[in-house]
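Residue numbers (full-length UniProt numbering): 1 to 244. One structure is given here, and the rest of the page talks about it.
The following block contains the structure:
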């Protein structure tokens, strides 16, 4: 508990603005495509931010699939740039391996921690103990809709190598899924897998599922059924979250 400062809570008692913790705010939105050259090859998509994000912390990237050539889509994400100058992101995708080639239409929203002075003539600014900006009233604060909380582990069928962690979150057509939580380097499976990916379209609908490609015996992974790894899902209505 802080000794002094400001804290604002919502109707549920959760802290949403604080002089002790940084606030995640809207940065920009846009569109991109994920395409592949071959039906059985990887697909790719990339975005360069209109304005680099200057925070030390990497941005959080949320996407919504608005048009799909296939009924399933799995990706992993890499945020480009580095601390103090994040320039964009790219995704590598996998699909069903059937015709046609991949062609997914995506909308994205990039978010960052508040880091700049207010652009309004009047309002509120909050600073931390190092005089860094942690909130301004001109920022558009991210409003979380839901989070993944626990997962159902389903091992590969037969001699397959790909297992799935199913979240228990229902994703609406206008929901945006945070994809920057998962990249190929994630190893929270104790080194028992080659890589992890995020399935964001399944059965023609948006979803949140983690795919893993095992490197050793997968029976060991069953003890991880029900982990609490959390991925946020948000709504970004255009009337509130728009490019300035």
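We put the beta carbon where it would ideally sit given N, CA and C, even for glycine.
For residue 124, count neighbouring C-beta atoms within 10 Å of its own C-beta (all shown protein chains included) and say buried if the count is 16 or more, exposed if not.
Around the C-beta of residue 124, fewer than 16 other C-beta atoms lie within 10 Å, and the residue is accordingly described as exposed.
Quick one: residues in its chain with C-beta nearer than 6 Å to the C-beta of residue 46, no 5 flanking neighbours on either side, listed in chain order?
Taken in chain order, the residues that qualify are 90.
From the DSSP output, read off the bridge partner residues of residue 213.
Beta-bridge annotation (DSSP): residue 213 is paired with 162, 195.
Are the beta-carbon atoms of residue 198 and residue 212 separated by less than 8 Å?
In this structure, the beta-carbon distance from residue 198 to residue 212 does not fall below 8 Å.
Span separating the alpha-carbon of residue 139 from that of residue 60:
Straight-line Cα distance between these residues: approximately 16 Å.
Beta-bridge partners of residue 177, as assigned by DSSP:
As computed with DSSP, residue 177 is found in a beta bridge with 63, 233.
Mind checking residue 28: buried by the 16 CB within 10 Å criterion, or exposed?
Buried: at least 16 other Cβ atoms inside 10 Å.
Please classify residue 112: is it buried, with 16 or more other beta-carbons within 10 angstroms of its beta-carbon, or exposed?
That one is buried.
Taking 8 Å as the cut-off, decide whether the C-beta atoms of residue 115 and residue 55 are in contact.
The answer is yes: Cβ separation under 8 Å.
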